[in-house]
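Same order as they appear, the protein sequences are chains A and B. Sequential numbering of the first sequence, starting at 1055, is according to my numbering. Sequential numbering of the second sequence, starting at 1055, is according to my numbering. By construction, the Cβ of each residue, glycine as well, lies at the ideal position given by its N, Cα and C atoms. All remarks here apply to the structure that follows.
Protein chains: 2
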Amino acid sequence: MEKKLKIGMFGFGCVGQGLYDIFTKTDFQAEIQLICVKDKSKKRSIDASYFTYEKDDILDNPEINLVVEMIDDAEAAYEIVKKALLKGKNVVTANKKMVALHIEELVEIQQQTGTSLLYEAAACGSIPIIRTLAEYYDNEWLYSVSGIFNGTSNYILTKVIQENLDYPTALKQAQELGFAETDPTADVGAFDPLYKLCLVVAQAYGKFIPPQEIFNYGISSLAPQDIQYAKEKGLKIKLIAAVSKVEDREITLSVMPYFVDAKHYLYNVENEYNGVVVEAAFSDKQIFIGKGAGGHPTGSAVLSDISACRYDYRYEYRKAHQQEAISYTRHYPIEVYLRYQDERDIADIDFYEISEQHIAKEFKYVIAVISLEQLFELKTDLPQRNIFIANTGRRVAREVLLGTLENKIAVSDFI
Amino acid sequence: MEKKLKIGMFGFGCVGQGLYDIFTKTDFQAEIQLICVKDKSKKRSIDASYFTYEKDDILDNPEINLVVEMIDDAEAAYEIVKKALLKGKNVVTANKKMVALHIEELVEIQQQTGTSLLYEAAACGSIPIIRTLAEYYDNEWLYSVSGIFNGTSNYILTKVIQENLDYPTALKQAQELGFAETDPTADVGAFDPLYKLCLVVAQAYGKFIPPQEIFNYGISSLAPQDIQYAKEKGLKIKLIAAVSKVEDREITLSVMPYFVDAKHYLYNVENEYNGVVVEAAFSDKQIFIGKGAGGHPTGSAVLSDISACRYDYRYEYRKAHQQEAISYTRHYPIEVYLRYQDERDIADIDFYEISEQHIAKEFKYVIAVISLEQLFELKTDLPQRNIFIANTGRRVAREVLLGTLENKIAVSDFI
Chain A
1055 MEKKLKIGMF GFGCVGQGLY DIFTKTDFQA EIQLICVKDK SKKRSIDASY
1105 FTYEKDDILD NPEINLVVEM IDDAEAAYEI VKKALLKGKN VVTANKKMVA
1155 LHIEELVEIQ QQTGTSLLYE AAACGSIPII RTLAEYYDNE WLYSVSGIFN
1205 GTSNYILTKV IQENLDYPTA LKQAQELGFA ETDPTADVGA FDPLYKLCLV
1255 VAQAYGKFIP PQEIFNYGIS SLAPQDIQYA KEKGLKIKLI AAVSKVEDRE
1305 ITLSVMPYFV DAKHYLYNVE NEYNGVVVEA AFSDKQIFIG KGAGGHPTGS
1355 AVLSDISACR YDYRYEYRKA HQQEAISYTR HYPIEVYLRY QDERDIADID
1405 FYEISEQHIA KEFKYVIAVI SLEQLFELKT DLPQRNIFIA NTGRRVAREV
1455 LLGTLENKIA VSDFI
Chain B
1055 MEKKLKIGMF GFGCVGQGLY DIFTKTDFQA EIQLICVKDK SKKRSIDASY
1105 FTYEKDDILD NPEINLVVEM IDDAEAAYEI VKKALLKGKN VVTANKKMVA
1155 LHIEELVEIQ QQTGTSLLYE AAACGSIPII RTLAEYYDNE WLYSVSGIFN
1205 GTSNYILTKV IQENLDYPTA LKQAQELGFA ETDPTADVGA FDPLYKLCLV
1255 VAQAYGKFIP PQEIFNYGIS SLAPQDIQYA KEKGLKIKLI AAVSKVEDRE
1305 ITLSVMPYFV DAKHYLYNVE NEYNGVVVEA AFSDKQIFIG KGAGGHPTGS
1355 AVLSDISACR YDYRYEYRKA HQQEAISYTR HYPIEVYLRY QDERDIADID
1405 FYEISEQHIA KEFKYVIAVI SLEQLFELKT DLPQRNIFIA NTGRRVAREV
1455 LLGTLENKIA VSDFI
């Protein structure tokens, strides 16, 4: 049964305009009633009658049955979305941070009010990963979901690794092309993919994990030495968000740079593209690749959600209702390449199974196993120490962490 | 609202057993009531009480609300599916040939009876391409959908090109691994991907095109010379099914070998994997890669459809209800590499814009533009003449076909 949509829109930036383009260029049947924007002085590309500056003009309007929220401010977005759902309106949002921070509460409100909260555009741009996980993999116990979730940082990594651009130039290019979010640290600091990972985990495992509980590490301390190292080994560096099963009902999560070789499915995912790899028992490995940044891909995802609202589609979070609870752990070993400047910077880090260490005046690194929990505890310190970390991608047996710390690196021995 | 499923299954081959495995190994809540099989003498891996040899034991059983059809015989499958739908039962099928041949009628019955006919497993194994096209791209006017839709032929091509296996050995390997369909000519003769293309077009464009109206050409006449040619140019040969927009409301279709270079997204899709590239105005290019053959990937797709039946999901074919009809044309130029044995074999072929011709005793080929319509007319003749054809993938302006035939190749001039 198709429903007539009367839309109240929040925000009219890059994505909002992309969406407006789609509305006017295709024969999609829905009505934009009102657009709420903040900046009164800004010139608008469409008729002034569309705009309001009062959010309640939309939220208190009983005619509007769908709120499309596309503003940057996560806290303001949260207030809008919460009120809209409580007022019985369906909501489509592109705000990953807001959803990630409040998903448990918002899903509860959705259940209570019988409304629908959709957020395909909040994760991986044009790749329909949320819908696919919600619908297609709703019965499968997934081994892992991992991928390049952030177009901006992938664009920068592509440029610095393949085209030898320096980091600031590459970042500037990404911003000029409109890929970078309003605050670039969300991208290069790996917060943007962190929020997206939370949404993916909610759908893939029915588990709501607060973003602040997850280790995320970006690419802002990437140095020419790291790039040189990767190139010499025939590797690329990709910022990868990953959730994977470690035990029967236990998962672990992280967002961090990885070394990937030419055989890896994400190796050729370049520039602003995103790529997602889903591994499952029965459907085996599947790869989804698509544009991850820019107004049109995101607008397209929003449109798809809007369209689904015509048929009262909602995410069911079926896996959240399964009997056996899934637990989340950071007590999990990973092997990392860790490049540092001064041995004092790593003196307080416990390494297990060191397989390589290189010490030169301008280039010091160690390749060793470390506990994700420890990285998590150090996560605010590491960037200040100008440490770059990349997961080697090699799987480590969990038992490593049970061993003694006798392998702990004693850097002074080497000097 | 979740519905209790009582399942009647037809067939218990590779896919059926894969599905049974999934049912027993996951906590999926549905009941297999009865399995209809043909061969009474065959030993079964599960209890005999599950089996019947009379199809009406299932079709006339009012308790059974879902028929899962997984038999090879397309005509028998058609009778089963039609009757099941008419009896008000939902149907999940993996039979691409049956659906492709009867889709228009079956969709009509689905509408009339309010039932649901789902066939994700009939196209591209574990890749959720049908659902994605049906749901996610239901508003977008797509530029093209193309891909490797057949795991068996891709496995063979991988082995003969990358591992220098000869064709019969590679085919035998594929059969031993259980990838090849009961009749291998369906795979290597490009019928299997042809049927899948029909399903994709139904979802992507809302257009029901009979498979016999489409040019399909397989890899059975592939010769060592063709492989050598591709390798020397750094190309791979992939069997690609494609639908693309040629004018505003006009599409063209084909299934044939293509040369692809290292930059092509399907270049690294190897072995039994399938890959699909969707190009759209707003979401841009998206790539889906996953296992295309084998019991578990297909079983997984069937399971996903079964799960959707619990929520009364059905394909809506929204694009079929759009006002402006889409037309299908074969009057479209493509550039091909055409390897032949004797000049008399190509004497009746009209070429436009010949860009290359090579004539040696053991290796003769021409690279030229040809009309898809002409290839279609010759399609049963070409294999008998032992001609191998590969699309070069270069796009040709449609106007080429409007020119005179003065460029027509006169092979005798060269000899």
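Endpoints, the beta strand (DSSP E) within which Gln1411(A) is located: Here residue 1411(A) refers to the residue found at position 357 when the first sequence is read from its first residue. Run containing Gln1411(A): Tyr1406 to Ile1413, per the beta strand (DSSP E) assignment.
Presumed contact (8 Å Cβ cut-off) between Met1152(B) and Gly1070(B), rounded CB distance: Counted from its first residue, the second sequence places residue 1152(B) at position 98. Counted from its first residue, the second sequence places residue 1070(B) at position 16. Not quite, the Cβ-Cβ distance comes to about 16 Å (not below 8 Å), so this is no contact.
Minimum Cβ-Cβ distance from Gln1340(A) to chain B less than 7 Å: Counting from one through the first sequence, the residue named residue 1340(A) turns up at place 286. True, the Cβ-Cβ gap to chain B drops below 7 Å.
Residue nearest to Ala1128(B) in terms of C-alpha spacing, selected from Gly1065(B), Leu1426(B), Lys1141(B) and Gln1165(B): Translated into positions along the second sequence, residue 1128(B) becomes position 74. Put simply, of Gly1065(B), Leu1426(B), Lys1141(B) and Gln1165(B) the residue whose alpha carbon is nearest the alpha carbon of Ala1128(B) is Gly1065(B).
Where Gly1072(A) falls: helix, strand or coil (DSSP): Counting from 1 along the first sequence, the entry for residue 1072(A) is found at position 18. The DSSP-derived three-state label of Gly1072(A) is helix.
Ala1401(A) and Ala1175(A) closer than 7 Å at C-beta: For the purposes of this step, residue 1401(A) is taken as residue 347 along the first sequence, with counting starting at 1. For the purposes of this step, residue 1175(A) is taken as residue 121 along the first sequence, with counting starting at 1. With a cutoff of 7 Å on beta-carbon distance, Ala1401(A) and Ala1175(A) are scored as not near each other.
Euclidean distance between Cα positions of Val1031(A) and Phe1105(A): Any answer about residue 1031(A) is impossible in this case: the structure gives chain A only from 1055 up to 1469.
Residues within the stretch 1353 to 1376 of chain A neighbouring chain B, beta-carbon criterion of under 9 Å: Among the residues of the stretch 1353 to 1376 of chain A, those with a Cβ less than 9 Å away from any Cβ of chain B are Gly1353, Ser1354, Ala1355, Leu1357, Ser1358, Ile1360, Ser1361, Ala1362, Tyr1365, Tyr1367, Glu1370, Arg1372 and Gln1376, in the order of the chain.
Nearest-angstrom beta carbon gap, Arg1372(A) and Asp1192(A) [assumed within contact, 8 Å]: Within the first sequence, the letter at position 138 stands for residue 1192(A). Within the first sequence, the letter at position 318 stands for residue 1372(A). Right, the Cβ-Cβ distance comes to about 5 Å (below 8 Å), so this counts as a contact.
C-alpha gap between Leu1436(A) and Gln1216(A), whole angstroms: Within the first sequence, numbered from 1, the residue matching residue 1436(A) stands at position 382. Within the first sequence, numbered from 1, the residue matching residue 1216(A) stands at position 162. Distance between the alpha carbons of Leu1436(A) and Gln1216(A) is about 26 Å.
With 16 other Cβ atoms within 10 Å as the buried cut-off, status of Pro1116(B): As a first step, residue 1116(B) is located in the second sequence; it is residue number 62 there, counting from the start. So Pro1116(B) ends up on the exposed side.
Span separating the alpha-carbon of Asn1208(A) from that of Gly1329(A): On the first sequence, position 154 is the one that residue 1208(A) refers to. On the first sequence, position 275 is the one that residue 1329(A) refers to. Each residue's Cα considered, the two are about 10 Å apart.
Enclosing beta strand (DSSP E) for Gln1340(B) [first to last residue]: Taking the first residue of the second sequence as 1, we reach residue 1340(B) at position 286. Boundaries of the beta strand (DSSP E) harbouring Gln1340(B): Asp1338 to Lys1345, taken from the DSSP string.
Whole-angstrom C-beta distance between Lys1339(A) and Ala1295(A), which should lie under 8 Å: Here the question's residue 1295(A) lines up with position 241 in the first sequence. Here the question's residue 1339(A) lines up with position 285 in the first sequence. The C-beta distance from Ala1295(A) to Lys1339(A) rounds to 17 Å, too long to fall under 8 Å, and the pair is not in contact.
Short-range partners of chain B found in the stretch 1155 to 1189 of chain A, where Cβ spacing is below 9 Å: Among the residues of the stretch 1155 to 1189 of chain A, those with a Cβ less than 9 Å away from any Cβ of chain B are Glu1174, Gly1179, Ser1180, Ile1181, Pro1182, Arg1185, Thr1186 and Glu1189, in the order of the chain.
Beta-ladder partner(s) of Ala1258(A), from DSSP: Working through the first sequence from its first residue, we reach residue 1258(A) at position 204. As DSSP reads the structure, Ala1258(A) sits in no beta bridge.
Span of the alpha helix (DSSP H), counted from its first residue to its last, around Phe1430(A): For the purposes of this step, residue 1430(A) is taken as the residue at position 376 of the first sequence. Judged by DSSP secondary structure, Phe1430(A) falls within the alpha helix (DSSP H) whose first and last residues are Leu1426 to Leu1432.
Nearest neighbour of Asp1021(B), chosen from Ile1408(B), Pro1238(B), Phe1262(B) and Gly1067(B) [CA to CA]: Summary: the structure shown does not reach residue 1021(B), with chain B confined to residues 1055 through 1469, and so no result is reported for it.
Pair within 7 Å by beta-carbon distance, Leu1455(B) and Val1420(B): Residue 1455(B) sits at position 401 when you count from the first residue of the second sequence. Residue 1420(B) sits at position 366 when you count from the first residue of the second sequence. The answer is no: Cβ separation not under 7 Å.
N-terminal and C-terminal residue of the alpha helix (DSSP H) that Gly1221(B) is part of: Taking the first residue of the second sequence as position 1, residue 1221(B) is located at position 167. A small fix is needed here, since residue 1221(B) is Tyr in this sequence, not Gly. Start and end: Tyr1221 to Glu1230.
is_contact[Asn1270(A), chain B] using C-beta, thresh 7 Å: What you label residue 1270(A) is simply residue 216 of the first sequence in a count that begins at 1. Using beta-carbon distances, Asn1270(A) does not count as an interface residue toward chain B, since no partner is under 7 Å.
Cα-Cα separation, Tyr1074(A) to Ile1263(B): Within the first sequence, residue 1074(A) is the residue found at index 20, counting from 1. Within the second sequence, residue 1263(B) is the residue found at index 209, counting from 1. Cα to Cα, Tyr1074(A) sits roughly 33 Å from Ile1263(B).
Cβ neighbours of Ile1184(A) in the same chain (closer than 7 Å, five flanking residues each side left out): Start at 1 with the first residue of the first sequence, and residue 1184(A) comes out as number 130. Closer than 7 Å at Cβ, skipping near neighbours: Tyr1173, Glu1174, Ala1177, Leu1253 and Gln1257.
Proximity winner among His1156(B), Ser1274(B), Lys1097(B) and Lys1109(B), relative to Asn1440(B) (alpha-carbon distances): As a working note, residue 1440(B) is residue 386 in the second sequence. The option with the nearest alpha carbon to Asn1440(B) is Ser1274(B).
Inter-residue spacing [alpha-carbon to alpha-carbon] between Gly1346(A) and Glu1326(A): The residue labelled residue 1346(A) in the question sits at position 292 within the first sequence. The residue labelled residue 1326(A) in the question sits at position 272 within the first sequence. Counting only the Cα atoms, Glu1326(A) lies some 6 Å from Gly1346(A).
Bridge partner(s) assigned by DSSP for Lys1088(B): Start at 1 with the first residue of the second sequence, and residue 1088(B) comes out as number 34. In the sequence under discussion, the amino acid at residue 1088(B) is Leu, which differs from the Lys named in the question. Beta-bridge pairing links Leu1088(B) to Gly1062(B).
Contiguous beta strand (DSSP E) assignments of at least 3 residues, all confined to the stretch 1297 to 1323 of chain B: Qualifying beta strand (DSSP E) stretches, in chain order: 1304 to 1314.
4-residue-minimum alpha helix (DSSP H) runs that sit fully inside the stretch 1341 to 1402 of chain A, ordered along the chain: Residue ranges of uninterrupted alpha helix (DSSP H) with 4 or more members, entirely inside the stretch 1341 to 1402 of chain A and ordered along the chain, are 1349 to 1363.
Ile1202(B), enclosing alpha helix (DSSP H) - first and last residue: Taking the second sequence and counting its residues from 1, one reaches residue 1202(B) at position 148. It is not in any alpha helix (DSSP H) - Ile1202(B) instead sits in the beta strand (DSSP E) that spans Leu1196 to Ile1202.
Alpha carbon of Lys1136(B) to alpha carbon of Ile1112(A), nearest angstrom: Here residue 1136(B) is taken as the residue at index 82 of the second sequence, counted from 1. Here residue 1112(A) is taken as the residue at index 58 of the first sequence, counted from 1. If you take the alpha carbons of Lys1136(B) and Ile1112(A), they lie about 49 Å apart.
Cutoff 7 Å: Ser1200(B) Cβ touching any chain A Cβ: As a working note, residue 1200(B) is residue 146 in the second sequence. So no, Ser1200(B) is outside the interface.
C-beta atoms of Pro1182(A) and Thr1446(B) nearer than 7 Å: Within the first sequence, the letter at position 128 stands for residue 1182(A). Within the second sequence, the letter at position 392 stands for residue 1446(B). Contact: no.
Local conformation of Ile1163(B) per DSSP, three classes: For the purposes of this step, residue 1163(B) is taken as the residue at position 109 of the second sequence. In the three-state DSSP reduction, Ile1163(B) falls in the helix class (H, G or I).
Buried versus exposed, by CB contacts within 10 Å (16 or more), Gly1232(A): Taking the first sequence and counting its residues from 1, the one referred to as residue 1232(A) is at position 178. Residue burial is scored here from C-beta neighbours: Gly1232(A) has fewer than 16 other C-beta atoms within 10 angstroms and is therefore classed as exposed.
Under 9 Å (Cβ pairs) to chain B, residues found in the stretch 1292 to 1312 of chain A: Taking 9 Å as the Cβ-Cβ cut-off against chain B, none of the residues of the stretch 1292 to 1312 of chain A qualify.
Beta-bridge pairing of Lys1292(B) - partner residues as DSSP gives them: As a working note, residue 1292(B) is residue 238 in the second sequence. Partner(s): Tyr1312(B).
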